[in-house]
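Take a look at the structure below.
Residue numbers (the working numbering), protein chains in the order written: chain D, 615 to 830; chain Z, 615 to 830.
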């Protein structure tokens, strides 16, 4: 099942860039946003555990409050939808059980039939082995979502800007998620580039394929 | 520029699943692979530093050697192209300078004009501030590439299976990248699902949007 030609994919990925200046007047339509929200929800993750929360900010006042917490970058205020990727900081048996219950519900099987799967997850993650940090593991999963989100947006013609230059603890406080078991990891602005964003025409810089790809 | 409708995107993301059984007879065509390799190369990263190496394994003998290092999962052997995502374990001024030189080359500007950008990267990353680990940071970037790669594959009708259940140190040894400054982080098999992979028809399990998405 191919929805897009390989050439069209590459074309969209080259069209994509980290937008510096969004057009504040252009909003993502509800249908288009619904698809992007689905891309977040459908992101694959380790064991399928989805150790994340996606905060989607469209409230104008809140978006403006994020600017000073983002090294004064204006993308949070000017974009259409601003997504904060939060990841679990701890994982308990209860979280695993919530997931197992969801698997049972969706697949129409008794939770008991998933005892082996549950045991394997608990054995690996609750508590994690020495040196394995839940927040690090969950952050990696959140970055899968970030990559998926940016590419999903690019292929349907929506602009994005990934934002690591933020103050996560202050985001947590403002968004009311401190001590919620989730912490801000990274963010991504989505919307449409301003017609005069000069970064849109600056050549994209990547190392040549022969430097970063090794064929074996 | 919209290459795909929002509905078609969601359709492809639902079509995607973690393939357990690849059809070993079906190979990704050179044109299609070229696009997927481009998706890796074009992945955005922190500061644009691209702290990664992508090992693309198609050699049959090598693919089979990866099976015992992957909890005996057979995807490395049966898929068409097996990608190992390796990330930088350290970052030196030389690496930053290589990148600055590349920026200057691609954009046709003198390296000196990038002195401020260089200083900002060095100040942040060489050496990193206490508690900031280069390998962790580079691993997060590699996971953007993983997310981008899986979604890129899905929209052009190529199957994948992300693989965290691997022995990274043994991968490094087999692939000859121990002590190279890069370390295996995660892998992803790409190819085409076997007609009888029963996981293709198992309902996908995700938490409902209202659980993982919070609108602000």
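Just so you know, even glycine gets a beta-carbon here, dropped at the ideal spot from N, CA and C.
In whole angstroms, give me the CA-to-CA distance for residue 798 of chain Z and residue 675 of chain D.
For the purposes of this step, residue 798 of chain Z is identified with residue 184 of the second chain, where counting begins at 1. For the purposes of this step, residue 675 of chain D is identified with residue 61 of the first chain, where counting begins at 1. Each residue's Cα considered, the two are about 43 Å apart.
Buried/exposed call for residue 757 of chain D, threshold 16 Cβ in 10 Å
Within the first chain, the letter at position 143 stands for residue 757 of chain D. The residue is buried, with at least 16 neighbouring Cβ atoms inside 10 Å.
Contact list for the stretch 656 to 679 of chain Z against chain D, Cβ threshold 8 Å
Residues passing the 8 Å Cβ filter: 656, 657, 658, 660, 662, 664, 666, 667, 668, 669, 670, 671, 672, 673 and 676.
Under 8 Å: do the stretch 772 to 791 of chain Z and the stretch 802 to 812 of chain Z share three or more Cβ pairs, one atom per stretch?
Under the three-pair Cβ rule at 8 Å, the stretch 772 to 791 of chain Z counts as touching the stretch 802 to 812 of chain Z.
May I ask you to list the residues that DSSP assigns as paired with residue 769 of chain D?
Here the question's residue 769 of chain D lines up with position 155 in the first chain. For residue 769 of chain D, DSSP assigns no beta-bridge partner whatsoever.
Which listed residue (D:816, D:692 and D:794) has its alpha carbon closest to that of residue 723 of chain Z
Position 109 of the second chain, counted from the start, is the residue given in the question as residue 723 of chain Z. When each option's Cα is compared against that of residue 723 of chain Z, the closest is D:816.
Determine, using beta carbons only, whether residue 753 of chain Z comes closer than 8 Å to chain D.
Residue mapping note: residue 753 of chain Z aligns to position 139 of the second chain, counting from 1. Look at residue 753 of chain Z: its C-beta is under 8 Å from a C-beta on chain D.
Closest to residue 763 of chain Z by C-alpha separation, out of D:623, D:616 and D:651, would be which residue?
Reading the second chain from its first residue, position 149 is the one you call residue 763 of chain Z. Among D:623, D:616 and D:651, the Cα nearest to that of residue 763 of chain Z is on D:623.
Does residue 761 of chain D pass the burial test, meaning 16 or more other C-beta atoms within 10 Å, or should it be called exposed?
As a position in the first chain, residue 761 of chain D is number 147, starting the count at 1. Buried is the call here.
When you compare only the Cα positions, how much space is there between residue 631 of chain D and residue 658 of chain Z?
Working through the first chain from its first residue, we reach residue 631 of chain D at position 17. Working through the second chain from its first residue, we reach residue 658 of chain Z at position 44. The alpha-carbon atoms of residue 631 of chain D and residue 658 of chain Z are separated by roughly 8 Å.
I want to see whether chain D comes within less than 8 Å of residue 730 of chain Z, judged by CB atoms only; does it?
In the second chain, counting from the first residue as 1, residue 730 of chain Z sits at position 116. For residue 730 of chain Z, the answer is no, since every Cβ of chain D falls outside 8 Å of its Cβ.
Under 8 Å by Cβ, that's how I've got residue 848 of chain D and residue 765 of chain Z pegged, so tell me the actual separation to the nearest angstrom.
Only positions 615 to 830 of chain D appear in the structure, and residue 848 of chain D is not among them; the question remains open.
Is residue 682 of chain D close to chain Z? Criterion is C-beta to C-beta, closer than 8 Å.
For the purposes of this step, residue 682 of chain D is taken as residue 68 along the first chain, with counting starting at 1. Chain Z, which has no Cβ nearer than 8 Å to the Cβ of residue 682 of chain D, makes this no.
What span of residues does the alpha helix (DSSP H) with residue 698 of chain Z cover, start to end?
Sequence index remark: in the second chain, residue 698 of chain Z carries index 84 (1-based). Unbroken run through residue 698 of chain Z is the beta strand (DSSP E), 695 to 702; no alpha helix (DSSP H).
Can you tell me where the alpha helix (DSSP H) with residue 629 of chain D in it begins and where it stops?
Counting from 1 along the first chain, the entry for residue 629 of chain D is found at position 15. Element bounds for residue 629 of chain D: 620 to 629.
When the Cα atoms are used, what is the spatial distance from residue 706 of chain Z to residue 681 of chain Z?
Taking the second chain and counting its residues from 1, the one referred to as residue 706 of chain Z is at position 92. Taking the second chain and counting its residues from 1, the one referred to as residue 681 of chain Z is at position 67. Their Cα atoms are separated by approximately 34 Å.
Chain C contacts made by the stretch 690 to 710 of chain Z, where a contact means CB separation under 8 Å
The structure shown contains no chain C; its protein chains are D and Z.
Determine, using beta carbons only, whether residue 685 of chain Z comes closer than 8 Å to chain D.
As a first step, residue 685 of chain Z is located in the second chain; it is residue number 71 there, counting from the start. Taking CB atoms only, residue 685 of chain Z has no neighbour in chain D less than 8 Å away.
Can you pull out the residues from the stretch 638 to 651 of chain Z whose beta carbon lies closer than 9 Å to at least one beta carbon of chain D?
Answer in chain order: 643, 645, 646, 647, 648, 649, 650 and 651.
Positions along the stretch 621 to 632 of chain Z whose CB lies within less than 9 Å of some CB in chain D:
Answer set for the stretch 621 to 632 of chain Z: 621, 622, 623, 624, 625, 626, 627, 628, 629, 630, 631 and 632.
Would you report the Cα separation of residue 729 of chain Z and residue 686 of chain Z, rounded to the nearest angstrom?
Against the second chain, residue 729 of chain Z aligns to sequence position 115. Against the second chain, residue 686 of chain Z aligns to sequence position 72. Residue 729 of chain Z and residue 686 of chain Z have their C-alpha atoms spaced approximately 49 Å apart.
Can you confirm whether residue 748 of chain D, when its beta carbon is compared against all beta carbons of chain Z, has any partner nearer than 8 Å?
By one-based count along the first chain, residue 748 of chain D stands at place 134. Closer than 8 Å: no.
Assign residue 690 of chain Z to buried or exposed, taking buried as 16 or more other Cβ atoms, counted over all protein chains shown, within 10 Å of its Cβ.
Start at 1 with the first residue of the second chain, and residue 690 of chain Z comes out as number 76. It counts as buried.
Considering residue 667 of chain Z, what are the terminal residues of the beta strand (DSSP E) in which it resides?
The residue labelled residue 667 of chain Z in the question sits at position 53 within the second chain. Where residue 667 of chain Z is concerned, the enclosing beta strand (DSSP E) stretches over 666 to 671.
What's the call for residue 734 of chain D, buried or exposed, on a 16-neighbour Cβ count within 10 Å?
The count along the first chain starts at 1 and reaches residue 734 of chain D at position 120. Residue 734 of chain D sits exposed, since fewer than 16 C-beta atoms from the chains shown fall within 10 Å of its C-beta.
Contact list for the stretch 773 to 785 of chain D against chain Z, Cβ threshold 7 Å:
Within the stretch 773 to 785 of chain D, the qualifying residues are 776 and 778.
Can you give the Cα-Cα distance for residue 787 of chain Z and residue 796 of chain Z, rounded to whole angstroms?
Sequence index remark: in the second chain, residue 787 of chain Z carries index 173 (1-based). Sequence index remark: in the second chain, residue 796 of chain Z carries index 182 (1-based). Rounded to the nearest angstrom, the gap between the Cα atoms of residue 787 of chain Z and residue 796 of chain Z is 11 Å.
How is residue 636 of chain Z classed by DSSP in three states: helix, strand or coil?
Sequence index remark: in the second chain, residue 636 of chain Z carries index 22 (1-based). Three-state DSSP puts residue 636 of chain Z in a strand.
For residue 745 of chain D and residue 739 of chain D, what's the separation of their Cα atoms in angstroms?
Against the first chain, residue 745 of chain D aligns to sequence position 131. Against the first chain, residue 739 of chain D aligns to sequence position 125. Their Cα atoms are separated by approximately 12 Å.
Name the chain D residues whose beta carbon is nearer than 7 Å to that of residue 720 of chain Z?
Counted from its first residue, the second chain places residue 720 of chain Z at position 106. Simply 817 and 819.
Closer than 8 Å to chain Z by CB, residue 688 of chain D:
One-based indexing of the first chain puts residue 688 of chain D at position 74. Not a single CB atom of chain Z sits nearer than 8 Å to the CB of residue 688 of chain D.
Work out the CA separation of residue 793 of chain D and residue 823 of chain D for me, nearest whole Å.
On the first chain, position 209 is the one that residue 823 of chain D refers to. On the first chain, position 179 is the one that residue 793 of chain D refers to. For residue 823 of chain D and residue 793 of chain D, the distance between alpha carbons rounds to 43 Å.
Taking 8 Å as the cut-off, decide whether the C-beta atoms of residue 754 of chain Z and residue 753 of chain D are in contact.
To locate residue 754 of chain Z, count along the second chain from 1; it is residue 140. To locate residue 753 of chain D, count along the first chain from 1; it is residue 139. Cβ distance < 8 Å, so residue 754 of chain Z and residue 753 of chain D count as in contact.
Any residues in the stretch 786 to 805 of chain D with a beta carbon nearer than 7 Å to a beta carbon of chain Z? Which ones, in chain order?
Residues of the stretch 786 to 805 of chain D that bring their beta carbon within less than 7 Å of a beta carbon in chain Z comprise 789, in sequence order.
Would you report the Cα separation of residue 575 of chain Z and residue 710 of chain D, rounded to the nearest angstrom?
Since the first residue of chain Z shown is 615 and the last is 830, residue 575 of chain Z is not available in this structure.
Inter-residue CB distance, residue 638 of chain D and residue 692 of chain D (contact presumed, cutoff 8 Å)
Counting from 1 along the first chain, the entry for residue 638 of chain D is found at position 24. Counting from 1 along the first chain, the entry for residue 692 of chain D is found at position 78. Indeed they touch by this definition, with Cβ atoms about 4 Å apart.
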